[in-house]
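Q: Can you read through this structure? Questions will come right after.
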Amino acid sequence: MSTNMDDDIDMDPSLRDHEEQIVVDKIINEEYKIWKKNAPFLYDLILSSALEWPTLTTQWFPDKQTHPGKNYSTHRLLIGTHTSGNDTNYLQIAEVQLPNPLPGPDPHRYDEGSEEIGGYGGGAECRLHIQQKMVHEGEVNKARYMPQKPDLIATMCADGNVLVFDKTKHPLMPTNTTKCTPQMTLVGHGKEGYGLNWNPHKEGHLMTGSEDSTVRLWDLNSYSKTNTTLHPIHTYTHHSAIVNDVAYHPCHDALFGSVSDDHTLQIVDIRSSDTTTATHKVVAHADAVNSIAFNAASDFVVATASADKTVALWDLRNLKLKLHSLQGHNAEVNGLSWHPHEEPILASSSADRRIIFWDLARIGEEQSPEDAEDGPPELLFMHGGHTNRVSDFAWNPNDPWVMVSAAEDNLIQCWKVSSAIVGKEQEDIPAGELEAP
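Structure follows, in structure tokens:
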């Protein structure tokens with residue numbers, strides 16, 4: 217009886233996984249090389265900094281400092297650390313100098329050594345500088361400052377607690393690197409979470425969502441020096457699985473939205489006494505819903521992002537009908553943010569290492585077959601500067617089109633897409649100048 221050696225000998229699964237990872241890493245490296253070659257034509261600004269530990273969260277502070285006689289302005293970033301238990305974790309505030317706007321794109325302003333565009337020739341002034349560090353209990357899943365008082369910062373922890381820090385009560389560098397000393401601890405969640413949103417209408421009101429499937433509302437105004445442990449004022453149980461994100465409506469102080477692994481988008485009116493059922497509910501995607509973003513310029517438009525690789529647009533007046541599905545990512549979509557100054561522009565981030573800018577005003581525009589190969593007409597721009605999953609990103613409120621993005625590759629990037637691409641009159645960059653993937 218004959219035997220087939222190939223049938224009898226299977227490759228060790230761990231060896232197969234290792235070889236597959238080598239192939240994936242090679243593809244990622246090649247894609248990054250192509251992006252780097254094309255970057256001088258696609259950006260007016262790119263500043264990259266390698267962090268000691270990756271951050272899962274990032275947010276621009278609202279202030280901007282100009283310097284007479286200098287060619288840059290100073291901005292501040294809120295970031296954290298994720299050390300996987302290998303070092304102390306910190307909530308951090310970083311300073312970054314952004315060069316004043318110059319005409320672009322200009323490939324001659326690309327610094328090959330620093331891989332930067334619009335910097336200062338790789339000088340020290342380009343670099344991100346950690347201005348303040350506060351010891352944090354475990355990794356910082358998410359951090360956001362209170363819009364009415366940016367010195368107050370809330371964080372989501374790996375143990376389910378929510379910590380609130382007043383940065384003015386902490387030294388720039390901690391004297392004790394083993395003790396976490398927040399001003400408040402919000403206790404109630406049974407598991408960790410990533411949903412965190414301050415109420416833009418009511419100072420001191422905070423909302424969180426967690427893997428314990430609940431949404432909790434907090435009122436920090438009950439804080440006192442003798443009462444630093446707070447409990448939620450409301451606990452909502454309208455979801456049947458992990459709550460991934462929460463958001464207050466920017467125009468209506470009684471409404472909030474939440475999204476979950478149960479595939480739903482749900483809208484809650486906090487004036488209702490029922491904390492078990494949402495006011496509006498829709499199965500929004502075919503997989504877990506990871507992010508929600510209300511459009512501050514429109515009372516009724518809300519976007520959701522999903523593990524099904526799509527972004528969905530909804531009209532709150534009729535959630536039974538999805539307005540549109542944005543398709544361009546190749547892996548789960550984990551983040552959303554509307555442009556602070558351009559109403560139809562939405563950004564999304566994904567595990568595919570990309571951030572996409574969508575221009576909703578272009579939905580339905582006619583395309584040539586050649587253009588259609590690059591994506592739908594509303595796909596305005598795709599940022600490919602990261603080599604690992606994008607953790608978080610944020611628009612700069614002071615400099616239109618400037619964005620910060622952080623990824624699991626430890627890189628944090630401040631970048632501005634070329635005005636030739638996103639200007640009022642978009643220009644076509646000659647195809648011959650770009651290297652094809």
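Using our numbering, the first residue of the sequence shown is number 217, and each one after it goes up by one.
Even for Gly, the Cβ is constructed at its ideal location relative to N, Cα and C.
These numbers come from a predicted model, not from an experiment.
Pull the bridge partners of threonine 290 from the DSSP assignment, please.
A: Gln281, Gln313
Q: So who's on the other strand from asparagine 413, going by DSSP bridges?
A: Answer by DSSP bridge pairing, in chain order: Met423.
Q: Could you give the distance in angstroms between the alpha-carbon of isoleucine 243 and the alpha-carbon of histidine 234?
A: Straight-line Cα distance between these residues: approximately 14 Å.
Q: My guess is that leucine 294 and phenylalanine 277 are in contact by the Cβ rule of under 8 Å, so how many angstroms apart are they, rounded?
A: With 8 Å as the limit, leucine 294 and phenylalanine 277 qualify as a contact, their Cβ atoms being about 6 Å apart.
Q: Sort out for me which residues DSSP pairs glutamine 482 with in a bridge.
A: Ser474, Lys497
Q: If I'm right that phenylalanine 573 touches leucine 537 with Cβ under 8 Å, what's the distance once you round it to whole angstroms?
A: Not a contact, Cβ separation roughly 25 Å.
Q: So the candidates are Asp382, Gly473, Lys525; which of them puts its Cα closest to the Cα of methionine 423?
A: Gly473
Q: Compare the Cα-Cα distances from cysteine 467 to each of Pro448, Thr495, Asn415 and report the closest residue.
A: Asn415
Q: DSSP on threonine 274, reduced to helix/strand/coil?
A: strand
Q: When you compare each of Asp490, Leu412, Asp503 to alanine 457 by their alpha carbons, which one comes out closest?
A: Its Cα nearest to that of alanine 457, the residue Asp503 stands out among Asp490, Leu412, Asp503.
Q: Can you list, in chain order, the residues of its chain whose CB lies under 7 Å from that of glutamine 281, leaving out five sequence neighbours each side?
A: Ser289, Thr290
Q: If I follow the unbroken alpha helix (DSSP H) through valine 638, where does it start and stop?
A: 635 to 638 is the span of the alpha helix (DSSP H), which, as asked, contains valine 638.
Q: If I follow the unbroken beta strand (DSSP E) through glutamine 347, where does it start and stop?
A: 345 to 352
Q: By how many angstroms is the C-alpha of threonine 391 removed from the C-alpha of asparagine 511?
A: 42 Å
Q: Terminal residues of the continuous alpha helix (DSSP H) containing isoleucine 244?
A: 229 to 258
Q: Measure the alpha-carbon distance for leucine 532 versus phenylalanine 516 and round it to whole angstroms.
A: 5 Å
Q: To the nearest angstrom, how far is the alpha carbon of leucine 231 from that of glutamine 237?
A: In a straight line, the C-alpha of leucine 231 is about 10 Å away from that of glutamine 237.
Q: Would you kindly work out how many angstroms separate the C-alpha atoms of aspartate 279 and proline 366, rounded to a whole number?
A: For aspartate 279 and proline 366, the distance between alpha carbons rounds to 10 Å.
Q: Just to confirm before moving on: does the CB-CB distance between glutamine 308 and isoleucine 346 stay below 8 Å?
A: In this structure, the beta-carbon distance from glutamine 308 to isoleucine 346 falls below 8 Å.
Q: Serine 541 by DSSP, collapsed to three states: which one?
A: strand
Q: Can you list, in chain order, the residues of its chain whose CB lies under 6 Å from that of asparagine 413, leaving out five sequence neighbours each side?
A: Met423, Val462, Ala463, Tyr464.
Q: Could you say which of Ala509, Pro363, Glu548 lies nearest to aspartate 421 if we only look at CA atoms?
A: Reading off the sequence shown, one finds histidine at residue 421, where the question assumed aspartate. Minimum Cα distance to histidine 421 is reached at Pro363.
Q: Measuring straight from C-alpha to C-alpha, what distance separates alanine 509 and aspartate 241?
A: 32 Å
Q: Indicate whether the contact test is met: 3 or more Cβ pairs, each with one atom in the segment 539 to 555 and one in the segment 479 to 497, closer than 8 Å.
A: no
Q: Check whether the Cβ atoms of serine 621 and isoleucine 571 sit closer than 8 Å, and answer yes or no.
A: yes
Q: Return yes when the Cβ of glutamine 399 is within less than 8 Å of the Cβ of valine 378, no when it is not.
A: no
Q: Rounded to whole angstroms, what's the CA-CA distance from asparagine 604 to leucine 446? Just pull it up for me.
A: 37 Å
Q: Specify the secondary structure class of lysine 395 as computed by DSSP and reduced to three states.
A: coil
Q: Would you mind reading off the limits of the alpha helix (DSSP H) that contains alanine 588?
A: 585 to 588
Q: For alanine 547, tell me which candidate among Ser522, Leu529, Trp554, Leu535 has the shortest Cα-Cα distance.
A: Ser522
Q: Classify lysine 632 as helix, strand or coil using the three-state DSSP reduction.
A: strand
Q: Sorted by chain position, which residues of the same chain lie with C-beta nearer than 7 Å to glutamate 581's C-beta, five sequence neighbours on each side aside?
A: Pro593
Q: Between which two residues does the beta strand (DSSP E) harbouring histidine 599 extend?
A: 595 to 599
Q: When the Cα atoms are used, what is the spatial distance from lysine 407 to glutamate 427?
A: Distance between the alpha carbons of lysine 407 and glutamate 427: 5 Å.
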